[in-house]
Every structure is written in structure tokens, then in C-alpha cells.
Amino acid sequence: GTAAEKHPVPEEYLELNSGTLSYNRKANATFVVLARNSDLENTVRSIRRMEDRFNRVHRYPYVILNEVPFTDEFKKRVSNVITSSVEFGLIPKEHWFQPDWIDEEKATAGRKKLEEEGVIYGGSVSYRNMCRFNSGFFFRHPLMLKYRWYWRIEPDIHYHCDVNFDPFLFLEDHNKIYGFTISMYEFEKTIPTLWGHVRDFMKLHPEYIAEDNAMGFMSENNGETYNLCHFWSNFEIADMDFWRGPAYTAFFEYLDKQGGFYYERWGDAPVHSIAAAIFAKKDQIHFFDEIGYEHNPYTHCPKKEESWERGRCGCDRGRSFDYDGYSCLSKWDRLMEG
Ligand code: GDP
Ligand code: MN
Numbered sequence: 045g046t047a048a049e050k051h052p053v054p055e056e057y058l059e060l061n062s063g064t065l066s067y068n069r070k071a072n073a074t075f076v077v078l079a080r081n082s083d084l085e086n087t088v089r090s091i092r093r094m095e096d097r098f099n100r101v102h103r104y105p106y107v108i109l110n111e112v113p114f115t116d117e118f119k120k121r122v123s124n125v126i127t128s129s130v131e132f133g134l135i136p137k138e139h140w141f142q143p144d145w146i147d148e149e150k151a152t153a154g155r156k157k158l159e160e161e162g163v164i165y166g167g168s169v170s171y172r173n174m175c176r177f178n179s180g181f182f183f184r185h186p187l188m189l190k191y192r193w194y195w196r197i198e199p200d201i202h203y204h205c206d207v208n209f210d211p212f213l214f215l216e217d218h219n220k221i222y223g224f225t226i227s228m229y230e231f232e233k234t235i236p237t238l239w240g241h242v243r244d245f246m247k248l249h250p251e252y253i254a255e256d257n258a259m260g261f262m263s264e265n266n267g268e269t270y271n272l273c274h275f276w277s278n279f280e281i282a283d284m285d286f287w288r289g290p291a292y293t294a295f296f297e298y299l300d301k302q303g304g305f306y307y308e309r310w311g312d313a314p315v316h317s318i319a320a321a322i323f324a325k326k327d328q329i330h331f332f333d334e335i336g337y338e339h340n341p342y343t344h345c346p347k348k349e350e351s352w353e354r355g356r357c358g359c360d361r362g363r364s365f366d367y368d369g370y371s372c373l374s375k376w377d378r379l380m381e382g
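Residue numbers (the UniProt record's numbering): 45 to 382.
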């Protein structure tokens, strides 16, 4: 039988999800996981947690991507914990590997410099491929094209609370395009020239800059300098129509041409965050306080006690990253209050 026949939705969940929750509606959405075959155990763990806390009720499909084919073992083990459906996809070479026009001497020098400076993944080419793929290509993968919304999952992340609502429908119903749980400062050494290119792009394309945008989250001086704040992109629930639209398409192409994904070590987190903060209105970006989330070494635990209780959260509210000096959440709160 189909997955839905094998795993009928328990009655009590329909009851739990009555009232304001609209279980019977569904967004055009998928989970997306980028993983290596060696990430098998941690991928199974992440998906188990997502199924237990959310998806065994909501039954959204999964797309799992890799630049090499997944092994039969990987596919079997992962499929076994999923109550909905899953597609395993191969990433096209031109979406993953360093392009020919990158000056390899300059790229080698850039890696050597960051490695010597002790920057995490400073010397890694594969990490750079991953960051560029997550910045500009995952939403163009053939298996992703039929979906509008995605929820990104990484191997070995934790969901600490029941998600008793549908975050995709929440974003859609409120005309939002991007949701986050953790924000923080980027390592400046990974993006020394990025902000200059962002400013050049804004001068070339003022038509893409949104009114009432979230520039105030990222800059204390109206865009002159970047304060390094960004949304941590290992958790993202967002609208791929935004990434596929004219502003982000032009933005990514412009940045890609500068070569900074390879000459420096630009992350998909600052690239996505800067775009969302400039090309969308600030109220189109949403902080999901009620979603308890952990990616080593940081945890977001709901601030509101009532959310923590309703979600049967296992995390310690007092240790939420929100209160860490390295978190940018207070800047976000100030922007949204002001
Ligand atoms: P970190 O969170 O910045 O420390 O980076 P991760 O190692 O967690 O990588 C981010 C995401 O990309 C995870 O989903 C990884 O499984 C995935 N990833 C990283 N490098 C590669 C790679 O070379 N190949 C594939 N297929 N996935 C990768
Ligand atoms: Mn990670």
C-alpha cells in the first residue's frame, strides 16, 4: 500500500489539530535535505525528530539531495522513518562544482589564507561548493521545481517541541517569505568584500529594494556598513518563489560573478539573509519563537512559557541562544518594535 495507507493518521491528532489549526489544508511544500552518504545516521536522526514532532501529522514530502548518488542502504534507512514520501536527487554538476572561470590560483590563495587564520572550513573546497549550491541552486533542482515552499533540515539537528501548527500555511496566509529561529554574527573573515558588492548591486538595481525592509537588522548606518547579523540558514522555512524571482536571480548572478564563494568563503546564510532583508518588507520575515530548534552548538527554546508548555518542549528556556551575546535577536526585536 501507499505510505498513507501504511501509516493512517491517528484520530487524536485530528482532534488536537482542530480549532484554529487547519490540518486539512496543505501548502505546496517540501522538506529539503542536503546530505552525504556518510551523513546517514545523522540524517535518520533528524528526520525521525521531524516526523515525531511535526510531520507524522502533516505528511509533507521530502527531497534529499547529493552530488553523488545515494547508496541503497542510505535510501532504505531514510525511507523507513518517513511517513509521507521521499525523492532522492542527484545534483547536476554545473550546480555544484567550482566553475571553470574561477581563477584557481586566486582561489587556492584564498583558501590557504583562511586556513592559516584558523577560520572554520577555511581550506575546504567542498564546503564552498555547498554554500554556493545552497545560495543559488537548490531551488532550481528538477525535484524542487514543483514546490513553492521548503523547510530545510540538516543531519543531526533537533526539534525540541511539538510543532502544533503548519508553519508553511502560517507564512503563506500572512504574506511572508522567510522564517527563522536563530540569528547571529558572521565571521568577517569569510566575507570581507561581500557588503561592498551588495552596495554596488543596490546602486545598479534600486528597483529591487523593498520599502520598509529589514536593512536596520543588518546595518546601524542605513547600509553603509554591515553589522554581520544574519539568519542561521541550517533552519529555514521559506518561499522559493522569492529565490526564483527577478531580484534574487539578479542578485545571486551578480554575487556569483564576483567569485567570492571561492576566493573568500561566502556562506549561504549571509547571502540569503541579506537578500531577504533588502528585497522583502521586514514584516515578510518571521521569527518562529514557538519552534524549539538545535543545531550544534546552539539551541533556540521558546521564550514564551505558554508556547513551551503547549509544545511539550524538552529544551531549557534559560539556555536559549536568544540571550547569548552572539545572538542578533535583540536587534531583530528592536527593528520589529520600532
Ligand atoms: P555547518 O552546519 O556549517 O557546520 O556545515 P555542515 O557540515 O552541516 O553542512 C551543511 C549542509 O550541507 C549539511 O546538510 C551537510 O550534510 C551538507 N553538506 C556539506 N558538505 C557537503 C558535501 O560535500 N556534499 C553533500 N552532498 N552535502 C554536503
Ligand atoms: Mn550543519
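Glycine is no exception: its CB is placed at the ideal position from the N, C-alpha and C atoms.
key: CA-to-CA distance, Ser168 to Gly133, given in whole angstroms   = 24 Å
request  = Taking only beta-carbon positions, decide if Ala324 is within less than 8 Å of chain B.
outcome  = Reference to chain B is not applicable here, since this structure consists of a single protein chain.
ask   = If we count the other Cβ atoms within 10 Å of its Cβ and call it buried at 16 or more, is Gly355 buried or exposed?
value = buried
Separation of Gly162 from residue 384, as counted between CA atoms = Given that the chain is displayed from residue 45 to residue 382, the structure contains no residue 384 and the question cannot be resolved.
query = Between Cys372 and Phe224, what straight-line distance do the alpha-carbon atoms span, to the nearest angstrom?
reply = 12 Å
inquiry  = Quick check: the Cα distance between Ala320 and Tyr222, rounded to an integer number of angstroms?
reply    = 7 Å
key: Helix, strand or coil at Phe245 according to DSSP, with G and I counted as helix   = helix
request  = Please go through the same chain and pick out, in chain order, the residues whose beta-carbon is closer than 8 Å to the beta-carbon of Phe332, but skip the five residues on each side of it.
outcome  = Pro211, Gly223, Phe224, Thr225 and Ile281
query = What's the gap between the Cα of Phe183 and the Cα of Glu95?
reply = 23 Å
ask   = Going by the C-beta, is Asp83 closer than 7 Å to any heavy atom of the ligand GDP?
value = yes
ask   = Can we count Ala282 as close to the ligand GDP, meaning its CB is less than 7 Å from some heavy atom?
value = no
query = Given 8 Å as the limit, is there contact between the region 272-280 and the region 225-241, that is, 3 or more CB pairs closer than that?
reply = yes
message = Output needed for Asp144: all residues of its chain with C-beta closer than 6 Å, excluding positions within five of it in sequence on either side, in chain order.
response = none
query = What are the uninterrupted segments assigned as beta strand (DSSP E) that are 3 or more residues long and contained completely in the region 81-165, given in chain order?
reply = 106-110 and 130-134
message = Which residues neighbour the ligand FAD when neighbourhood means a C-beta less than 5 Å away from any of its non-hydrogen atoms? List them by chain order.
response = You won't find the ligand FAD in this model; what it holds is the ligand GDP and the ligand MN.
ask   = Taking the C-alpha atoms as reference points, what is the distance between Asn61 and Asn208?
value = Low per-residue confidence applies at Asn61: pLDDT is 49, beneath 50, and the placement is therefore not dependable, though the value from the model is reported in the following sentence. Going from the Cα of Asn61 to the Cα of Asn208 covers about 7 Å.
message = Could you give the first and the last residue of the continuous alpha helix (DSSP H) run that contains Glu280?
response = No alpha helix (DSSP H) holds Glu280; the beta strand (DSSP E) holding it covers Glu280 to Asp283.
inquiry  = Closest to Pro136 by C-alpha separation, out of Gly358, Met174 and Arg100, would be which residue?
reply    = Met174
request  = Could you spell out the range, first to last residue, of the alpha helix (DSSP H) harbouring Tyr222?
outcome  = No alpha helix (DSSP H) contains Tyr222, which is instead part of the beta strand (DSSP E) from Tyr222 to Phe224.
request  = Measure the alpha-carbon distance for Arg97 versus Ser90 and round it to whole angstroms.
outcome  = 11 Å
According to DSSP, residues forming a beta bridge with Tyr370 = Paired residue(s): none; Tyr370 is not in a bridge.
message = I'd like the list of long-range same chain contacts for Lys348, defined as Cβ closer than 8 Å, with 5 residues on each side in sequence excluded.
response = Asp333 and Glu334
ask   = Relative to the alpha-carbon of Ser170, which residue among Asn110, Val101 and Gly267 has its alpha-carbon at the smallest distance?
value = Asn110
message = Assuming Cys175 is part of the beta strand (DSSP E), what are its boundary residues?
response = First-last for Cys175: Val169 to Gly180, but that is the alpha helix (DSSP H), not the beta strand (DSSP E).
ask   = Is Lys247 near Leu158, with beta carbons less than 8 Å apart?
value = no
ask   = Given Gly63, which residues of its chain have a CB within under 7 Å of its CB, disregarding the five upstream and five downstream residues?
value = With a pLDDT of only 44 at Gly63, under the threshold of 50, the placement of this residue in the model should not be trusted, and no figure is reported.
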